[in-house]
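*Asks:* Here you go, one structure.
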Amino acid sequence: MTFRTIARCAGVLGALGAIALLIDPALAQDAATTAAPAAAPVAAAAPAIPVPNKGDTAFMYIASVLVLLMTVPGLALFYGGLVRTKNMLSMFMQVFATLCLVAIIWVLYGYSMAFTNGGGLNNFVGGFSKALLRGVDSTTVAGTFSNGVYIPEYVYIVFQMTFACITPCLILGAVAERLKFSSMLVFMALWVTFIYFPIAHMVWYWGGPDAFGNAAKAVAAATGSAKAQAQAALDAVTSDAGIVFKWGALDFAGGTVVHINAGIAGLVGALILGRRIGYGREAMPPHSLVLTMIGAALLWVGWFGFNVGSGLEANGFAGQVFINTFVATAAAALSWMIVEWIAKGKPSALGLASGVVAGLVAITPACGFSGVMGSIVLGLVVSPVCFVFCSAIKSALGYDDSLDVFGVHCIGGIIGALGTGLLVNPDWGGTGIADYLSKPGELTTATYDMVAQMTAQAKAVGMTLLWSGIGSAILFKLVDIVMGLRPSEEMEREGLDITDHGERAYNY
Amino acid sequence: MKLITAVIKPFKLEEVRSALTDLGLQGMTVTEVKGYGRQKGHTEIYRGAEYAVSFLPKIKIEVVVPDTQVDKALAAIQRAAKTGQIGDGKIFVSTIEHTVRIRTGEADDDAL
Numbered sequence: 001m002t003f004r005t006i007a008r009c010a011g012v013l014g015a016l017g018a019i020a021l022l023i024d025p026a027l028a029q030d031a032a033t034t035a036a037p038a039a040a041p042v043a044a045a046a047p048a049i050p051v052p053n054k055g056d057t058a059f060m061y062i063a064s065v066l067v068l069l070m071t072v073p074g075l076a077l078f079y080g081g082l083v084r085t086k087n088m089l090s091m092f093m094q095v096f097a098t099l100c101l102v103a104i105i106w107v108l109y110g111y112s113m114a115f116t117n118g119g120g121l122n123n124f125v126g127g128f129s130k131a132l133l134r135g136v137d138s139t140t141v142a143g144t145f146s147n148g149v150y151i152p153e154y155v156y157i158v159f160q161m162t163f164a165c166i167t168p169c170l171i172l173g174a175v176a177e178r179l180k181f182s183s184m185l186v187f188m189a190l191w192v193t194f195i196y197f198p199i200a201h202m203v204w205y206w207g208g209p210d211a212f213g214n215a216a217k218a219v220a221a222a223t224g225s226a227k228a229q230a231q232a233a234l235d236a237v238t239s240d241a242g243i244v245f246k247w248g249a250l251d252f253a254g255g256t257v258v259h260i261n262a263g264i265a266g267l268v269g270a271l272i273l274g275r276r277i278g279y280g281r282e283a284m285p286p287h288s289l290v291l292t293m294i295g296a297a298l299l300w301v302g303w304f305g306f307n308v309g310s311g312l313e314a315n316g317f318a319g320q321v322f323i324n325t326f327v328a329t330a331a332a333a334l335s336w337m338i339v340e341w342i343a344k345g346k347p348s349a350l351g352l353a354s355g356v357v358a359g360l361v362a363i364t365p366a367c368g369f370s371g372v373m374g375s376i377v378l379g380l381v382v383s384p385v386c387f388v389f390c391s392a393i394k395s396a397l398g399y400d401d402s403l404d405v406f407g408v409h410c411i412g413g414i415i416g417a418l419g420t421g422l423l424v425n426p427d428w429g430g431t432g433i434a435d436y437l438s439k440p441g442e443l444t445t446a447t448y449d450m451v452a453q454m455t456a457q458a459k460a461v462g463m464t465l466l467w468s469g470i471g472s473a474i475l476f477k478l479v480d481i482v483m484g485l486r487p488s489e490e491m492e493r494e495g496l497d498i499t500d501h502g503e504r505a506y507n508y
Numbered sequence: 509m510k511l512i513t514a515v516i517k518p519f520k521l522e523e524v525r526s527a528l529t530d531l532g533l534q535g536m537t538v539t540e541v542k543g544y545g546r547q548k549g550h551t552e553i554y555r556g557a558e559y560a561v562s563f564l565p566k567i568k569i570e571v572v573v574p575d576t577q578v579d580k581a582l583a584a585i586q587r588a589a590k591t592g593q594i595g596d597g598k599i600f601v602s603t604i605e606h607t608v609r610i611r612t613g614e615a616d617d618d619a620l
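Next up, the structure:
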């Protein structure tokens, strides 16, 4: 890539930012019902700096490393085994390099864009107050989901960093074997900036249990004219959150933020890039299903860090997330196997591995809300739907989603997101919806309203599909215009290992 | 001298090798090959994408024998490689003009 293309990219990036600024305030006004009154933030009763629990800290450290294991080598092997021999290293390089690139962007401005107050754009994206990790050191802390429980902010940043790193890597499966490495890097930098960080902010940014609890306590304690002021302060705390969070949508570990987001971006990418040369005419069987099976196994192992770590604490609740993640995945693997056995005559290894991933995807948003039996049902349901998408609908529509990122991650993510809204129902064994305000300082359960909850879940799904679908289309097109997305026909036939990287995966 | 080229099912290789060794023949060259005859191929399915695989894995044996032993060798290979199922393979026989053993320089039948 020449200096001139880099300069052009930078210019385009700036322009895109300006567009985002133009669009966002308009959107923000639509949602003005929940806008924050201009009250001073609660400075009330901030006691001594909380000391993180050592057990929680150690647990989160391990959980973060497990999520790294999901990406490399888990996802790289899972995808790598599915491509042809000539593109094996290309798959590995794209996953590794994206991981490295996003890790750096995350500490430069990503964490800040996702997890700080974004001022006027706060409904959609955070600000730059913690850019370059300003103000963060080894004594600062991040809230969890329990009152008075904290983990070191550095550990929280790394945990969330692993999520930001794996999500763009998921897209790579949809555009495998035909995306130029240089264009891939530029696209990924843009994608996390304009798609991932905002969506993570919309879904996951909120004040935390203690901010809610303290403000609610202040309201209870205040009398007379101070009451109104305290109420305003409480409103400010509850409205200082991403818009999807305020809708009440539940997403425990990233059904919308990670899977629907990456899945729809993958579909858009596959459509914009077009099919691989020879798709539908030449055989393109996986070059090593053994590597794919190993990758699927590592994904499953790592996913315990992903899901269980998302509770941010090592407690009994983590145990519930743990068992949910385990059984939903097993159920989905079995149901994919059985459906394929009936429909195609044989239970295939790739089918079972696909079921494992579909189950993990579906339980991701639900694992902190559903009961164990509910998780099994969710696992049993997700695989047949994904199976139909991967085997029938994809070929009927003719798009080349190389490794079924849309069929497994987006469709599985939608099933999971909607399933979460049902399975959180305490009558069905769910946890119910957390309420930090009724008894300030204590976690209680709010009344469950199926219609309201399903509406919130559907809105979260729709928001993610639109933001990521439209945004990714713009970014893919942009990179295509500036530097071209696809290698030449000759290079694609030769394989990206040789043409992009100058190496072969196997020399024997 | 004759070159016997036999294409057989891979799992029959060991039986064919020991049958030829029993005849006193020393040495053969084996290649992993793909091909099809009347057996045609089979279908592989990857997440619903079906591929017709026309070329099946086979083993190609090449062995050069003195003219006197050709019939016995052919019978031995046929006996050892036969399952009675379609796809057992074929044997081709062709004439060899000249043979040299590289180490000693011996020629023709002496070199076999």
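Taken in sequence, the protein lines are chains E and Y. Mapped onto my numbering, the consecutive letters of the first sequence carry residue numbers 1 to 508. Mapped onto my numbering, the consecutive letters of the second sequence carry residue numbers 509 to 620. Just so it is clear, CB atoms sit at the ideal spot from N, CA and C, and this is done for glycine as well.
#1: Flag L350/E as yes if its beta-carbon sits less than 8 Å from any beta-carbon of chain Y, otherwise no.
#2: When the Cα atoms are used, what is the spatial distance from Y279/E to S335/E?
#3: Let me check understanding here. Comparing Cα to Cα, which of V408/E, G302/E, N307/E lies closest to G351/E?
#4: Please indicate yes or no: does the CB of F369/E lie closer than 7 Å to some heavy atom of the ligand PLP?
#5: How about the stretch 291-309 of chain E and the stretch 424-432 of chain E: do they share at least three Cβ pairs that are nearer than 8 Å?
#6: Decide if M463/E is buried, meaning its Cβ has at least 16 other Cβ atoms within 10 Å, or exposed.
#7: With 16 as the cutoff for other CB atoms within 10 Å, does N507/E come out buried or exposed?
#8: So, for K217/E: in the same chain, excluding its five sequence neighbours on each side, which residues have a beta-carbon less than 7 Å away from its beta-carbon?
#9: For a quick check, are the C-beta atoms of K477/E and I272/E less than 8 Å apart?
#10: Taking only three categories from DSSP, how would you classify K542/Y?
#11: What residues are listed by DSSP as bridge partners for G613/Y?
#12: Which full runs of the alpha helix (DSSP H) of 4+ residues lie inside the stretch 181-232 of chain E, going along the chain?
#13: Name, please, each residue of chain Y whose Cβ falls closer than 8 Å to the Cβ of C390/E.
#14: Please state the DSSP three-state secondary structure of S526/Y.
#15: From G81/E, K54/E, N87/E, A103/E, pick the residue whose C-alpha is nearest to that of V67/E; which is it?
#16: With a floor of 4 residues, list each alpha helix (DSSP H) that falls wholly inside the stretch 56-96 of chain E, ordered by position along the chain.
#17: Can you pull the chain Y residues whose beta carbon is under 9 Å from the beta carbon of P285/E, in chain order?
#18: For S395/E, would you say it is in contact with chain Y, using Cβ-to-Cβ distances shorter than 8 Å as the test?
#19: Using the three-state DSSP reduction, which class does V385/E fall into: helix, strand or coil?
#20: Taking only three categories from DSSP, how would you classify A265/E?
#21: What is the DSSP secondary structure of G355/E, reduced to helix, strand or coil?
#22: According to the Cβ coordinates, are V572/Y and I610/Y closer than 8 Å?
#23: What is the residue span of the beta strand (DSSP E) that T162/E lies within?
#24: Can you say whether L21/E is buried or exposed, counting buried as having 16 or more other CB atoms within 10 angstroms of its CB?
#25: With 8 Å as the threshold, decide whether the Cβ of D240/E is near any Cβ in chain Y.
#26: Just confirm the distance between the C-beta atoms of G248/E and A456/E, as a whole number of angstroms; I'd bet it's less than 8 Å.
#27: Report yes if the CB atom of V339/E is closer than 8 Å to the CB atom of G379/E, and no otherwise.
#28: Tell me, please, which residues DSSP counts as bridged to G143/E.
#29: Quick one: list the residues of chain Y neighbouring D400/E, beta-carbon separation under 9 Å, in chain order.
#30: Can you tell which of I470/E, V186/E, I171/E has its C-alpha closest to the C-alpha of I481/E?
#31: In its own chain, which residues sit with a C-beta less than 6 Å from the C-beta of G545/Y, not counting the 5 before and 5 after it?
#32: From which residue to which residue does the alpha helix (DSSP H) around Y111/E run?
#33: Drop a sphere of 10 angstroms on the beta-carbon of M202/E, count the other beta-carbons inside from all chains shown, and report buried for 16 or more, exposed for fewer.
#34: Are the beta-carbon atoms of L101/E and A228/E separated by less than 8 Å?
#35: Relative to chain Y, which residues along the stretch 332-359 of chain E have a C-beta separation below 9 Å, given in chain order?
#36: Can you give the Cα-Cα distance for G469/E and V192/E, rounded to whole angstroms?
*Replies:* A quick look at the data gives this:
#1: For L350/E, the answer is yes, since a Cβ of chain Y falls inside 8 Å of its Cβ.
#2: 29 Å
#3: V408/E
#4: Of the ligands one can find in the structure shown there are none, so the ligand PLP has no counterpart to examine.
#5: no
#6: Counting of Cβ neighbours within 10 angstroms places M463/E among the buried residues, the total reaching 16 or more.
#7: By the 10 Å Cβ count, N507/E comes out exposed.
#8: P440, G441
#9: yes
#10: strand
#11: In the DSSP output, where bridge partners are listed per residue, G613/Y has none listed.
#12: Counting only runs of 4 or more, we get 181-191, 197-204, 209-221.
#13: In chain order: R555, G556.
#14: Three-state result, S526/Y: helix.
#15: A103/E
#16: 76-82
#17: E552, Y554, A557, Y559, V561
#18: yes
#19: In this structure, V385/E counts as helix in the three-state DSSP scheme.
#20: The answer is helix: DSSP assigns A265/E an H, G or I state.
#21: DSSP places G355/E in the helix class (H, G or I) of the three-state scheme.
#22: no
#23: It is not in any beta strand (DSSP E) - T162/E instead sits in the alpha helix (DSSP H) that spans 153-171.
#24: In this prediction, L21/E has a pLDDT of 43, which is less than 50 and means its spatial position is unreliable; what the coordinates show is noted afterwards. Per the 10 Å Cβ criterion, exposed.
#25: no
#26: 4 Å
#27: no
#28: According to DSSP, which records beta bridges pairwise, G143/E is partnered with Y150/E.
#29: Chain Y residues near D400/E: none, gap ~11 Å exceeds 9 Å.
#30: Out of I470/E, V186/E, I171/E, V186/E has the C-alpha closest to the C-alpha of I481/E.
#31: none
#32: 111-115
#33: buried
#34: no
#35: Legend: CB atoms of the stretch 332-359 of chain E lying less than 9 Å from CB atoms of chain Y belong to residues E340, A343, K344, G345, K346, S348, L350, G351, S354.
#36: 13 Å
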